[in-house]
Amino acid sequence: MDRVLLRRDGAAVTATACGDDGTPGAVTRLAPDELPGWVAARERAAPVRWVWDDTTRWYPALLDAGVRVQRCTDLRLAAAVLRRSPLAGPVPAADPGWAALQPVTADDPALFDLADPADALDPVAEHRRQQAAVAASAHRGRLGLLLAAESSGALAAAEMTWAGLPWRVDEHGRLLTALLGDRPPPGLRPPVLERLAGEVRAALRAPDLNPDSPAAVLRALQTAGLPVEDTRSWTLERVEHPVVAPLLEYKRLARLLAANGWSWLDTWVHDGRFRPVFLPGGVVTGRWASSGGGALSVPVQVRPAAVADEGWRLVVADVAQLEPRVLAGMSRDGALAEAARAADLYAGMVAAGVVATRAEAKVGVLGALYGGTRGESGRVMPRLARRYPRAIGLVEDAARAGERGAVVSTLLGRGSPSPRGAWAQRDADLGEAPEPGGRDTDRARRSWGRFTRNFVVQGTGAEWALCWLADLRNRLWRLGEGRLDRRPHLAFFLHDEVVVHTPAPLADEVAEQVRQAAAAAGRLLFGDFPVDFPLDVAVVRSWADAG
DNA sequence: TCATACAGCGCC
DNA sequence: AAAGGGCGCTGTATGA
1 MDRVLLRRDG AAVTATACGD DGTPGAVTRL APDELPGWVA ARERAAPVRW
51 VWDDTTRWYP ALLDAGVRVQ RCTDLRLAAA VLRRSPLAGP VPAADPGWAA
101 LQPVTADDPA LFDLADPADA LDPVAEHRRQ QAAVAASAHR GRLGLLLAAE
151 SSGALAAAEM TWAGLPWRVD EHGRLLTALL GDRPPPGLRP PVLERLAGEV
201 RAALRAPDLN PDSPAAVLRA LQTAGLPVED TRSWTLERVE HPVVAPLLEY
251 KRLARLLAAN GWSWLDTWVH DGRFRPVFLP GGVVTGRWAS SGGGALSVPV
301 QVRPAAVADE GWRLVVADVA QLEPRVLAGM SRDGALAEAA RAADLYAGMV
351 AAGVVATRAE AKVGVLGALY GGTRGESGRV MPRLARRYPR AIGLVEDAAR
401 AGERGAVVST LLGRGSPSPR GAWAQRDADL GEAPEPGGRD TDRARRSWGR
451 FTRNFVVQGT GAEWALCWLA DLRNRLWRLG EGRLDRRPHL AFFLHDEVVV
501 HTPAPLADEV AEQVRQAAAA AGRLLFGDFP VDFPLDVAVV RSWADAG
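Residue numbers for the first sequence follow full-length UniProt numbering, so the first one is 1 and each next one is one higher.
Here is the structure:
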């Protein structure tokens, strides 16, 4: 496939044809306003992979010009993966400028800023270096897939920000008013919160208490004789006192107001769209982060406001129990895969007689993934280890590796960071089994082991989701015609859930493609190993109607 | 006055 | 019911 590397050159853009090994060939110089048309023409002519320093610096302008590209290599993201990947071949380190490069946002003038640090980097050299690192890898298939998926994610992220999630300000406002009362002037509490604050103060005989101050609330609770050490909801729920009910209600509604109230609407919703910035690779495990509007934690409470346009639908799909399924696949644990054959993996475990109840299954699996050893989860673990030795062995190995300061890897080769801190330094220097340390050292060690245990599963889960998203993106494109936002398109992505905005007549076809993309992602990562990734798919007007 | 830390809670 | 992993965001509190 043709590779074309784009770079800025003063006011112009140069497009360099590259071989698969990154060897530069013919160069075309373009004025910036020629670029979209030229890219569109190349896209129409033949498959091409666009190579650029950073998708956030190139793609939004192309989308604004009505140009969608099929595939790219994002050198910034690829450099970040290769820098940590144990699977990368031995090549010289990248220019440290690549690690320092930050993504830019739409209102950021960086693309036309002469001081953009991206311009000091040599994308041709970095591309050759990266291609060499993949070519020299003992697992070039996996690593190449990871880089392609990461880059596809960057395209999908930019497209989702560009299209936005349809959001009804009127619906959201109605919801807020119903729960909080009318919108107050700036600096004042809405009526319902003001009333609850009064009830809390009365119950604690603390007329000046600010219920938004955890420290002040804690002092007031202790003064009233309540045996609490913090003011967390679940702590309060275990206490009997007249203040508990109004205080919990206050906290619930104050949270809604602060995180997703009227000022959230003013700030993040414009022209009927919520447009968060998605940051692919923003989390060490490979999950996406986001910036602006708390996109990855939009509460269920306000999802009724996400409503498809007139004549359109939302297709909402999520994977049930993604991580244990991924664990079954990556460890090739046939027994766990068998349990995963059921739509509900936990029910599958009960059916196989591993545990007595679904609740037990869930607590045990979560303990295996997160490193829970105490209580219920500690009691179930030995049974899981007996029945699912490969799966449990894999996460236990990852935990032990982390505890001795070693690096672990996802299926496709994303490496965990090296631990910081004295305990890890010493082990790394000695290159041998650690001496027993003090209590704090042991705690830090076990804590890092829980991180690496979870890293391999969460990270491989993120890889599955990336493959799903990348394939779905292309399937959706083929379903329609014209501009991206006139066709079925991705509108939101949340770790293991996607929201597609589609013309209503295509909704059922979209649902089918979402399922096929999930099956394809499973085959891509796990080949013929029989592990299912069943989806809950809903065709709805409002996000709140899914699930 | 500004920057940073912490508490708390939303999501997966 | 939480625990155990990963985040972002908001308010208050604190310290320069």
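In this text, a Cβ means the ideal position worked out from N, Cα and C, and glycines have one as well.
Beta-carbon proximity check, residue i vs residue j, cutoff 7 Å
i, j, result
"Val51", "Thr73", "yes"
"Ala351", "Ala340", "no"
"Leu146", "Gly413", "yes"
"Pro86", "Val407", "yes"
"Thr161", "Pro103", "no"
"Leu411", "Ser331", "no"
"Asp53", "Pro96", "no"
"Gly405", "Thr285", "no"
"Arg168", "Val539", "no"
"Leu5", "Cys18", "yes"
"Gly449", "Gly402", "yes"
"Ala518", "Trp468", "yes"
For residue i, three-class secondary structure by DSSP
i, result
"Thr14", "strand"
"Ser290", "strand"
"Ser85", "coil"
"Glu240", "coil"
"Pro24", "strand"
"Arg76", "helix"
"residue 614", "Given that the chain is displayed from residue 1 to residue 547, the structure contains no residue 614 and the question cannot be resolved."
"Arg189", "coil"
"Ala65", "coil"
"His139", "coil"
"His489", "strand"
"Pro503", "strand"
"Val498", "strand"
"Val104", "coil"
"Val269", "strand"
"Asn474", "helix"
"Asp344", "coil"
"Ser233", "helix"
"Gly375", "helix"
"Glu360", "helix"
"Ala339", "helix"
"Tyr250", "helix"
Option in the options with minimal Cα separation from residue i
i, options, result
"Ser151", "Asp212, Leu296, Pro280 and Gly97", "Pro280"
"residue 553", "Pro24, Glu34 and Ser409", "Residue coverage of the chain in this structure runs from 1 to 547, which leaves residue 553 outside it and unanswerable."
"Glu360", "Leu384, Glu338 and Val284", "Leu384"
"Arg424", "Asp440, Gly19 and Val298", "One detail in the question is off: residue 424 reads as Ala in this sequence, not Arg. Checked all of Asp440, Gly19 and Val298; the closest Cα to Ala424 is Asp440."
"Ser263", "Thr223, Thr231 and Arg183", "Arg183"
"residue 605", "Arg201, Leu196, Arg332 and Val67", "As displayed, the chain neither begins before 1 nor continues past 547, which places residue 605 out of reach and without an answer."
"Thr452", "Gly461, Val499, Ala398 and Ala26", "Ala398"
"Ala504", "Ala520, Gln516 and Gly480", "Gly480"
"Val302", "Ala337, Asp170, Gln516 and Ala135", "Asp170"
"Leu253", "Gly311, Ala289, Glu194 and Asp266", "Glu194"
"Gly153", "Ala118, Phe493, Arg386 and Ala546", "Phe493"
"Arg273", "Val355, His172 and Arg358", "His172"
"Gly415", "Ala100, Ala80 and His270", "Ala80"
"Asp9", "Thr23, Met1, Trp98 and Asp116", "Asp116"
"Ala308", "Ala491, Thr16 and Pro90", "Ala491"
"Val67", "Arg76, Arg42 and Ala88", "Arg42"
"Arg275", "Thr105, Gln516 and Thr16", "Thr105"
"Arg7", "Ala317, Ala158, Gly353 and His127", "His127"
"Gly181", "Ala120, Gly261 and Ala94", "Gly261"
"Thr357", "Ala342, Val380, Gly371 and Tyr370", "Val380"
"Ala521", "Pro419, Val355, Val326 and Ser447", "Val326"
"Asp318", "Gln131, Asp496, Tyr59 and Val500", "Asp496"
Residue(s) in a DSSP beta bridge with residue i
i, result
"Gly415", "Ser409"
"Leu6", "Ala15"
"Ala538", "Val316"
"Leu165", "Phe274"
"Trp423", "Looking at the DSSP assignment, Trp423 forms no beta bridge with any residue, so it has no partner."
"Leu279", "Ala289"
"Asp29", "According to the sequence provided, residue 29 is Arg. The question's Asp does not apply to it. Paired residues: Thr14."
"Val51", "Leu5 and Thr73"
"Val307", "Ser542"
Contact test: residue i Cβ vs the ligand GDP heavy atom, cutoff 6 Å
i, result
"Leu176", "Summarising the ligand content, the structure contains no ligands, and the ligand GDP is consequently not present."
Q.
Across the stretch 291-299 and the stretch 508-516, are there enough close Cβ pairs to call them in contact, namely three or more that are closer than 8 Å?
A. no
(Q) Pairs of beta-carbons, one from the stretch 472-488 and one from the stretch 523-536, closer than 8 Å: are there three or more? (A) no
Q | Stretch-stretch touch, CB-based, cutoff 8 Å, three pairs: the stretch 472-479 with the stretch 374-391 | A | no
Q. Would you call the stretch 221-235 and the stretch 171-189 in contact, with 3 or more CB pairs under 8 Å?
A. no
Q | Contact the stretch 201-219 vs the stretch 243-261: 3+ CB pairs below 8 Å | A | yes
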